[in-house]
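Sequential numbering from 34 applies to the sequence shown in this note's numbering.
Built from N, CA and C at the ideal position, the CB exists for glycine as well.
Just so it is clear, the structure is predicted and the values come from calculations on it, not from any experiment.
Below: the structure, in structure tokens.
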Amino acid sequence: RKLDLSKTLVQQEVGWKVTRNFWIMLRSNTGSRVLRLDESLSEFMDIVTEEYFFETLAFLPKLVVLENDFIMVGIEVVLDSILTLKRYVKLSDPIATLSLLHAQTALQLTQVALKARLTCWEFFNFLRNAPNLDYLRILELAHVNSQQPCSQEEAALLMDNTPSRLTSIQLEIMIHERRGRGLAGHYSPMDPKPPRRPLDTNLPQDRHHIVSAGKCADNNRRRQHRAHHLDHSGAMAPRPTSWISRDYD
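Structure representation (structure tokens):
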């Protein structure tokens with residue numbers, strides 16, 4: 034426990050008790066399949082260490098969905114620790130510079146949404162290592178100073194001509210950190226454009242299978258960025274209210 038000088042001892046004691054009881058409850062709910070940790074938890078709960086977080090996840094062997102905007106961890110560590118994970122979300126600040134050059138393929142992953150600064154090489158490496166993705170959302174796609182943009186031929190070589198299962202992809206921000214064209218100027222993963230599948234926001238609400246913690250699922254979505262979400266005709270489609278599109282029974 035760390036001493037927080039901005040809070041009274043009583044407030045710190047209450048926060049510690051809430052934290053302890055929450056994680057005890059979470060560890061005892063071993064049948065959980067969905068875990069959502071909103072960033073608003075930090076307003077009334079202490080943040081546990083990364084080691085303790087993954088120790089807790091070991092108590093949840095059936096977990097297939099993790100939406101984590103509370104504990105700062107890298108996606109590569111998450112994938113190594115939760116082999117059953119099918120959907121992963123991390124959209125909170127700060128922007129993470131994550132290495133997605135994952136050594137092992139993540140065959141189980143079908144949906145990923147990240148606020149992470151990725152180069153085009155990391156982007157295509159991740160697509161190659163997660164061949165069963167049908168939804169991908171990246172809030173930051175960067176073209177860094179030291180790297181040349183990917184040409185269509187280079188992207189195809191990197192992907193090893195592996196067919197993609199993607200039916201929906203959102204690249205919400207394109208960052209150009211030096212003069213010249215980035216990924217968008219050379220290659221579009223939406224070309225040829227796959228058919229757009231309607232997003233279904235229904236999930237099983239069995240309390241024994243879903244744990245959702247936080248003020249509001251949309252607290253960390255307060256952004257004015259316009260999503261580049263294309264339908265099958267190439268027209269700009271309305272931004273979906275939710276990206277959830279699979280029922281994990």
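Check	Outcome
Residue 148 - containing alpha helix (DSSP H), residue span	Unbroken run through residue 148 is the beta strand (DSSP E), 144-151; no alpha helix (DSSP H).
Alpha carbon of residue 60 to alpha carbon of residue 171, nearest angstrom	31 angstroms
Residues that DSSP places opposite residue 50 in a beta bridge	According to DSSP, which records beta bridges pairwise, residue 50 is partnered with nothing at all.
For residue 157, the nearest candidate out of 146, 197, 141 (CA to CA)	197
For residue 81, three-class secondary structure by DSSP	coil
Contiguous beta strand (DSSP E) assignments of at least 3 residues, all confined to the region 56-105	67-70, 98-101
Any 3 or more C-beta pairs closer than 8 angstroms across the region 86-98 and the region 108-124	yes
Closest Cα partner of residue 149 within the set 124, 164, 142	124
Of the listed residues 91, 116, 85, nearest to residue 105 (C-alpha basis)	85
Three-state secondary structure assigned by DSSP to residue 204	strand
Strand pairing of residue 169, partner residues [DSSP]	145, 202
Separation of residue 204 from residue 57, as counted between CA atoms	38 angstroms
Where the beta strand (DSSP E) through residue 40 begins and ends	Run containing residue 40: none; DSSP gives neither H nor E here.
Segment limits, beta strand (DSSP E) that includes residue 123	120-123
Start-to-end residues for the alpha helix (DSSP H) that takes in residue 114	108-114
Counted within 10 angstroms of its Cβ, other Cβ atoms place residue 49 as buried (16 or more) or exposed	exposed
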